[in-house]
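Undergrad: Protein chains in written order, with the numbering used here: chain A, -16 to 122; chain B, -16 to 122. A single structure is presented below for examination.
2 protein chains.
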Amino acid sequence: MFRLDTAFLRTSHPIAALRLCAARLQDDSRWPWIVLVPRVEGALEIDDLGEVDQVQLMREIVLAGAAVRAVGFMLGVAVDKLNVGLLGNITPQLHAHVVGRRADDPAWPGPVWGAGEATPYSEAALTRAIGAAENALRR
Amino acid sequence: MFRLDTAFLRTSHPIAALRLCAARLQDDSRWPWIVLVPRVEGALEIDDLGEVDQVQLMREIVLAGAAVRAVGFMLGVAVDKLNVGLLGNITPQLHAHVVGRRADDPAWPGPVWGAGEATPYSEAALTRAIGAAENALRR
Chain A
-16 MFRLDTAFLR
-6 TSHPIAALRL
4 CAARLQDDSR
14 WPWIVLVPRV
24 EGALEIDDLG
34 EVDQVQLMRE
44 IVLAGAAVRA
54 VGFMLGVAVD
64 KLNVGLLGNI
74 TPQLHAHVVG
84 RRADDPAWPG
94 PVWGAGEATP
104 YSEAALTRAI
114 GAAENALRR
Chain B
-16 MFRLDTAFLR
-6 TSHPIAALRL
4 CAARLQDDSR
14 WPWIVLVPRV
24 EGALEIDDLG
34 EVDQVQLMRE
44 IVLAGAAVRA
54 VGFMLGVAVD
64 KLNVGLLGNI
74 TPQLHAHVVG
84 RRADDPAWPG
94 PVWGAGEATP
104 YSEAALTRAI
114 GAAENALRR
């Protein structure tokens, strides 16, 4: 019965189905950025998940961090810091953002959420970014 | 050898020592807001923690969410949504923010980080807020 909120379809592309989450690449080439959406119907907050799923979400956040670093490497930008955010003020379906930040990025040191307009990937770069993320998530 | 970054001493007040983290109340009465700092020397990213500590961090984030709701209740504001963020762009020592948001708060639906200036608690409200948080964290 789980259905991905259509907001994610508009702003991101599928990378992989992890054990708990749909992993998606945010279509904003300003930052290597993965969105994780637990496939649990009706979950809005972390504590809407059972304890096993909460632990799995943490595992997948750490895994997505490695994938974000891999996407950054592919884009030719070093990730200085990972930012993790679970907000949901605009799209309430539970999801986690994992974003690679660098000291010269357009929003540093502020948060990426709500910062300017997304810069979509070119088709070629999107394919490469998804490939890099997919490889990293397989480990 | 763990030492709390002095930035936390300036901006927050101690609530409790959880198993992994120092739990602190952010001194900003605009939002019920708890900061968790794992007492692990040199940790900057989640994956600097061992797996057991990663799981414990998730547990304490969930626990802090309940405490944030309790502080909101004490302040007379309903928490509509929890926001969780691990950024560290300004203060690199690993820490998690757990913030209670409401649809009429001063930054909604944007993030709280970097939004305006903190409104410190009065002494009486601070004591009540810390008390409410401490009680909730004990459960």
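Idealized CB from N, CA, C, for every residue including glycine.
List the DSSP bridge partners of Ser(-5)(B).
TA: Looking at the DSSP assignment, Ser(-5)(B) forms a beta bridge with Gln9(B).
Undergrad: Note down, in chain order, all residues in the region 69 to 97 of chain B with a beta-carbon under 7 Å from any beta-carbon belonging to chain A.
TA: Cβ contacts with chain A come from Leu69, Leu70, Gly71, Asn72, Ile73, Arg84, Trp91, Pro92, Gly93, Pro94, Trp96 and Gly97.
Undergrad: Please report how far the alpha carbon of Leu(-13)(B) lies from the alpha carbon of Arg111(A), in whole angstroms.
TA: When rounded, the distance between both Cα atoms is 41 Å.
Undergrad: Which of the three DSSP states is assigned to Ala140(B) in this structure?
TA: Nothing can be reported for residue 140(B), as the shown portion of chain B is limited to -16 through 122.
Undergrad: Count the other C-beta atoms from every protein chain shown that fall within 10 angstroms of the C-beta of Pro103(A), then say buried if there are 16 or more, exposed otherwise.
TA: Result: exposed.
Undergrad: Report yes or no: is there a C-beta of chain B within less than 7 Å of the C-beta of Val62(A)?
TA: Cβ-Cβ to chain B under 7 Å: no for Val62(A).
Undergrad: Using a cut-off of 7 Å between C-beta atoms, extract the partners of Asn118(B) located in chain A.
TA: Result: empty, since nearest Cβ-Cβ is about 18 Å, beyond 7 Å.
Undergrad: Leaving out the 5 sequence neighbours to the left and right, which residues in its chain are closer than 7 Å to Asp10(A) when beta-carbon positions are compared?
TA: Answer for Asp10(A): Thr(-6), Ser(-5), His(-4), Ala101, Pro103 and Tyr104, listed in chain order.
Undergrad: Under 8 Å Cβ-Cβ, which residues of chain A neighbour Ile44(B)?
TA: Within chain A, the residues near Ile44(B) are Ile29.
Undergrad: Between Leu1(A), Trp91(A) and Ala108(A), which lies nearest to Arg42(A) when the distance is taken from Cα to Cα?
TA: When each option's Cα is compared against that of Arg42(A), the closest is Leu1(A).
Undergrad: When the cut-off is 7 Å and only beta carbons count, does Gln37(B) lie next to chain A?
TA: It does: the Cβ of Gln37(B) has a partner Cβ on chain A nearer than 7 Å.
Undergrad: Is DSSP giving Ala79(B) helix, strand or coil here?
TA: Ala79(B) falls in the strand class under three-state DSSP.
Undergrad: Which of the three DSSP states, helix, strand or coil, is assigned to Asp18(A)?
TA: According to the sequence displayed, residue 18(A) carries Val and not Asp. Three-state result, Val18(A): strand.
Undergrad: Interface residues of chain B around Leu65(A) at Cβ under 7 Å?
TA: The contacting residues are Glu28.
Undergrad: Could you tell me which chain A residues have their CB closer than 8 Å to the CB of Met41(B), listed as they occur along the chain?
TA: Here the neighbours are Ile29, Gln37, Val38, Leu40 and Met41.
Undergrad: Rounding to the nearest angstrom, what Cα-Cα distance links Leu84(A) and Pro94(A) in this structure?
TA: Sequence check: residue 84(A) is Arg here, not Leu. Approximately 9 Å between the Cα atoms of the pair.
Undergrad: Relative to the C-alpha of Ala(-10)(B), which candidate in Leu77(B), Leu46(B), Leu120(B) and Glu34(B) has its C-alpha closest?
TA: Out of Leu77(B), Leu46(B), Leu120(B) and Glu34(B), Leu77(B) has the C-alpha closest to the C-alpha of Ala(-10)(B).
Undergrad: Whole angstroms is fine: what's the gap from Arg(-15)(B)'s alpha carbon to Met(-16)(A)'s?
TA: Correcting the residue identity first, residue -15(B) is Phe in this sequence and not Arg. Phe(-15)(B) and Met(-16)(A): Cα-Cα distance of roughly 46 Å.
Undergrad: Let me make sure I understand the geometry here. Which of Ala49(A), Leu(-8)(A), Val60(A) and Ser12(A) has the alpha-carbon closest to that of Asn118(A)?
TA: Looking at the Cα atoms, Ala49(A) is the closest of the given residues.
Undergrad: Which residues in chain A sit within 9 Å of Gly48(B), going by Cβ to Cβ distance?
TA: Those are Glu28, Ile29 and Asp30, listed as they occur along chain A.
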